[in-house]
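Here the structure comes first, spelled out in structure tokens, and everything after it is commentary.
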Amino acid sequence: MTGESAYDRYLARYAREHADCPNSPDSAHGSGHESGHGPMSEREFWRARARRAETEISTGCC
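When we follow UniProt numbering, the leftmost residue of the sequence shown carries the number 1, and every step to the right adds one.
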């Protein structure tokens, strides 16, 4: 797995977890990751993913 589909998986998960939310991603609120504003844009997603990778360093060991 190269991570290329990570954003697509994020969108699918977001749609499942927020299906009953009154402000769906199709609403006019635009992108953003704050509550009630739809999923992150692809650019926001990749930046957040890179930031997380830099701050959550795993040694691969317990």
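Ideal Cβ placement from N, Cα and C applies to all residues, glycine included.
Spatially closest choice to residue i from the options, by CA coordinates
{"i": "S5", "options": "P22, I57, R51 and W46", "result": "W46"}
{"i": "L11", "options": "S41, S58 and I57", "result": "S41"}
{"i": "E8", "options": "R52, R43 and E54", "result": "It is worth fixing the name first, because residue 8 is Asp in this sequence and not Glu. Ranking the options by Cα distance to D8, first place goes to R43."}
Residue burial classification, residue i (beta-carbon count within 10 angstroms, cutoff 16)
{"i": "G3", "result": "exposed"}
{"i": "residue 70", "result": "Missing from the structure shown is residue 70; the chain here goes from 1 to 62 and no further."}
{"i": "G30", "result": "Residue confidence for G30 is low, a pLDDT of 44 falling below 50, so the modelled location carries little weight; the figure read from the coordinates is stated next. Exposed is the call here."}
{"i": "A48", "result": "exposed"}
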